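Numbering (my numbering), first residue to last: 77 to 165.
Just so you know, even glycine gets a beta-carbon here, dropped at the ideal spot from N, CA and C.
What you are looking at is a predicted structure, and each value in this text was computed from that prediction instead of being measured.
Quick look at the structure:
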């Protein structure tokens, strides 16, 4: 779960990082002028869109969704059988 959160935070910040690298590579002006020109709204919107796209892609290509079925814990003959994932035939 932590990996998914970190990936989505990284994807969200990716447009801002790319813009920052572009501005530093151009080398024009000072940092004060750089922050005044920052297109904050467009970077936020593109970051949110990238997060939604990455979540959709991860949900559709996740291998666990189609190969395994969750079986909850239950009792058989008085013994507790723990929860497990079984392969779908």
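DSSP lists 160 as the beta-bridge partner residues of residue 147. The C-beta of residue 154 has fewer than 16 other C-beta atoms within 10 Å across all chains shown, which makes the residue exposed. By the Cβ rule, the stretch 117 to 134 counts as touching the stretch 79 to 92, because three or more pairs are nearer than 8 Å. Boundaries of the alpha helix (DSSP H) around residue 82: 78 to 102. Residue 91 and residue 99 have their alpha carbons spaced roughly 12 Å apart.
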